[in-house]
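Mapped onto the working numbering, the consecutive letters of the sequence shown carry residue numbers 1 to 404.
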Amino acid sequence: MGLVPEAEIDSDIIESGEYVPVDLGYCLDGQLMSFEVLPLDECDIKDVLNGHQIENVMTALNNLPVNLRLPAAKVLSQGDYTEWQAYQICKAFEVGVDADVIGEHISNPHLNHAQMRELRRIAVHTDFADHDASPYKKDVFKTLSNGEYTAEHLHQARELMKTAAIHDIAFPRDWLKLDSRQMEVVRHALKSDVPMDALEEYADGTYTADHMNVITMALTEGMEKPGIERLMNHDLSMEQVWGFYSAISGGRFTSEQLDVLCDPTRPVAVMEAMRTGLTFGVDAQTVLRLAGGSFAPEQMESLYLAAGDKDITPEMLDVIADASLKPEQMDALKISFQQGGSIADVEAEKKSMPRSVKYAGQAGKADAIRSTKLHETAKESREASAQLGSESHGDKAVEREELE
């Protein structure tokens, strides 16, 4: 009927009498020129409202303060809301959300009651629906009320808005593209004072929540920029991300060794085996040779443990490094060498060993490459040893000459 609270009428209008008091503090803003009394049997409310609407209007009239009853009833009479939707609309009026915000956004019939609840909380706990909010913020709130976002998404958006405000950071619209878990990670990143450039990287939504979480952990723990850049490779699987993080954050590997380990083209199991080799002091060149595809990761583990043993020479490693052997067979050959077995003895022992079907196929396709590489390794090692021995002999001769 166009009723308005009498307290809102301009004082000049009241003085002029150009309004019509009705009841309960309401009035018509203007003169009532005429009216027509209709017979009661022609005024059945069920001709205008259905059962749901009548129940919802009665809920508003029976439960809201006097000044909120008619505004809420007007909204509830204009849509076929469920009981729970009607409750959220009434609750929005009760907690002081602006009537225009409720009418234009929260009472959207395409929203379920949980979405209405979260929009109501956004309106109450943030300034995105305030009268004096910037056009940008109002448009963000309008976007959130379009029905495309789940209640959980709206909940995380509200928490992220609040956290951004606390840290005096503008809420980028791009964050709305993130799913609810990604938003949660960004919120924790804000609380941990993660640098803005990283947050901007998160905003494009190309990182999964788990990936973002690892990067956030690394930044929080003070990982240096080169390590962060390794982790921010979009091509990494989550297994690789965790593998890289573990290798980098451990702090035991040099930058050159990390270049060898953090290769996104390698499976995680191969990377872990290579990590074992570097941990036991195997040089990077040998680590890479044994990771060339001839051996399975579990074989690599055995070979790296053998290569890291100072008693195992390159010639001995050449005997052990047979891709048709099981890892436990390789370990047995290593023990034989450690117990003083000669190369001929261990070769004979190896010939008596049954070959694994699982590993024999892998051995055949790369046997020639492996043999060549290992012989090259042995040759380089022998040459280096000879050179070292020569230098040592020369040094001792100089020492004796100086003493004499």
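Beta carbons are placed, not taken as given, at the ideal position from N, Cα and C, and that holds for glycine.
- Scanning its chain for C-beta atoms nearer than 7 Å, with the 5 sequence neighbours on each side dropped, one finds around M232 the residues E201 and I215, in chain order.
- Rounded to whole angstroms, the gap between the alpha carbons of Y207 and N146 is 25 Å.
- The three-state reading of DSSP puts C90 in helix, counting H, G and I together.
- Among the bridge pairs identified by DSSP, Y26 is matched with P5.
- Taking the Cα positions, M223 is about 32 Å away from S302.
- DSSP places P226 within a helical segment (H, G or I) once states are collapsed to three.
- Per DSSP, reduced to three states, the secondary structure at V20 is strand.
- Note that the C-beta distance between A306 and M330 is below 8 Å.
- Runs of the beta strand (DSSP E) spanning 3 or more residues and lying entirely within the segment 254 to 325 do not occur at all.
- Nearest in C-alpha terms to E184, of all of I343, L154 and D168, is L154.
- In this structure, the straight-line span from the alpha carbon of A189 to that of D179 is close to 15 Å.
- As the crow flies, the alpha-carbon of L144 is around 13 Å from that of Y136.
- Proximity of the segment 62 to 69 to the segment 78 to 97 meets the contact definition, three or more beta-carbon pairs being nearer than 8 Å.
- For A72, the three-state secondary structure derived from DSSP is helix.
- Straight through space, the alpha carbons of I312 and F337 are spaced by roughly 7 Å.
- Excluding the 5 residues flanking it on each side, D193 has no same chain C-beta neighbour closer than 6 Å.
- If you check the CB distance, C27 and I54 do not come in under 8 Å.
- Distance from the CA of D259 to the CA of G293, rounded to the nearest whole angstrom, comes to 18 Å.
- Using a Cβ distance threshold of 8 Å, V124 and I102 do not count as a contacting pair.
- By a beta-carbon distance limit of 8 Å, G277 does not contact Y245. Their separation comes to about 19 Å.
- Under a 10 Å Cβ-count criterion, E229 is classified as exposed, with fewer than 16 other Cβ atoms of the shown protein chains found around its own Cβ.
- The three-state reading of DSSP puts F171 in coil, since its state is none of H, G, I, E or B.
- Here V186 carries a helix assignment [DSSP, helix/strand/coil].
- Taking every protein chain shown into account, the CB of P267 has fewer than 16 other CB atoms within 10 angstroms, so this residue is exposed.
- A direct Cα-Cα distance of roughly 43 Å separates V37 from Q115.
- The three-state secondary structure of Q78, taken from DSSP, is coil.
- Going by DSSP, D331 is part of the alpha helix (DSSP H) stretching over P327 to Q338.
- One Cα belongs to M274, the other to V287, and the distance between them is close to 6 Å.
- Judged by DSSP secondary structure, E104 falls outside any alpha helix (DSSP H); it is assigned neither H nor E.
- Within the same chain, V268 and M271 come within 6 Å of G243 by CB-CB distance, once the 5 residues on both sides are set aside.
- Judged by DSSP in its simplified three-state form, Y136 adopts helix.
- For I343, the CB contacts under 7 Å within the same chain, skipping 5 residues up- and downstream, are E315, M316 and V319 in chain order.
- Excluding its 5 nearest sequence neighbours in each direction, S249 has C-beta neighbours in its own chain below 8 Å: A218, E221, M223 and G227, listed in chain order.
- R181 sits close to A209, with the two beta carbons spaced by under 8 Å.
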